[in-house]
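Data block below; observations after.
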Amino acid sequence: MGNLRNSGELGLQSFSKKVQEIEKQYEKINNHLRKLQDAHEESKAVTKASAMKSIKQRMEKDVDEVQKIARLIKSKIEDLDRDNLSSLQKPGCGKGTAIERTRTTQTVQLKKKLRDKMAEFQTLRENVHQEYREVVERRVYTVTGQRADEETIDQLIETGNSEQIFQRAIQEQG
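If you count by our numbering, then the sequence shown holds residues 861 to 1034, one letter each, in order.
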């Protein structure tokens, strides 16, 4: 009987190690989200086009990293799901056992955490975009004295010309 218990415990040890690896990935996502937020705050005060370009590049790199890590986490969670199914076949790990419930509960929590992190990430991206849009609108108004339409604002953001326009206006004022 002790043999059955050991095989179940070994399965849970391996599972716990995989869960810890996923938790480390969540920490990486948290770090990148903090970097994104910091870069966003920094971008609000920047007026030089070159500095803004540098910040944008850092932010794009962090966005790419978050997406890459999220895909990795999703893949690892899918692996856990497969492991959970195969674990059901092991003695002492069947449906309704403590081991099965533990594995299922932790896997569900990891899935929820991923959904929550991605929602947080999406909200941050939307806030960054909206606030940058407002900055560009204010700068255009400051430079031209007129409100720009949505299409003009979109074009300035896509081409990156919003920073050059503001920089040029500052230089002209001397």
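Using N, Cα and C, we set each Cβ at its ideal position, and we do this for glycine too.
| Check | Outcome |
| --- | --- |
| Alpha helix (DSSP H) segment containing D922, residue limits | 909-947 |
| Classification of A899 by the beta-carbon crowding that lies within 10 angstroms, buried from 16 upward | buried |
| G954 burial status per 10 Å Cβ neighbour count (16 or more: buried) | exposed |
| Whole alpha helix (DSSP H) elements within the segment 952-1004, 4-residue minimum | 958-1004 |
| Three-way DSSP call (helix, strand, coil) for R894 in this model | helix |
| Cβ pair count under 8 Å reaching 3, the segment 982-1000 against the segment 886-905 | yes |
| Proximity below 8 Å, CB of I933 to CB of Q885 | yes |
| Beta-carbon proximity of M912 to E1023, cut-off 8 Å | yes |
| Under 8 Å between C-beta atoms of I889 and K977 | yes |
| Proximal residues to S947 (C-beta, below 8 Å), its chain only, five neighbours per side dropped | G871, F875, C953, I959, E960, R963 |
| Contact under 8 Å by Cβ, T967 with N944 | yes |
| Contact belief for L974 with K878 at Cβ below 8 Å, rounded distance in angstroms | About 14 Å; that fails the 8 Å criterion. |
| Same chain only: Cβ atoms within 6 Å of E883, ignoring 5 sequence neighbours per side | none |
| R1028 burial status per 10 Å Cβ neighbour count (16 or more: buried) | exposed |
| Cα-Cα separation, R814 to D922 | Since the first and last residues shown for the chain are 861 and 1034, residue 814 lies out of range. |
| Beta carbon of I1017 nearer than 8 Å to that of R999 | no |
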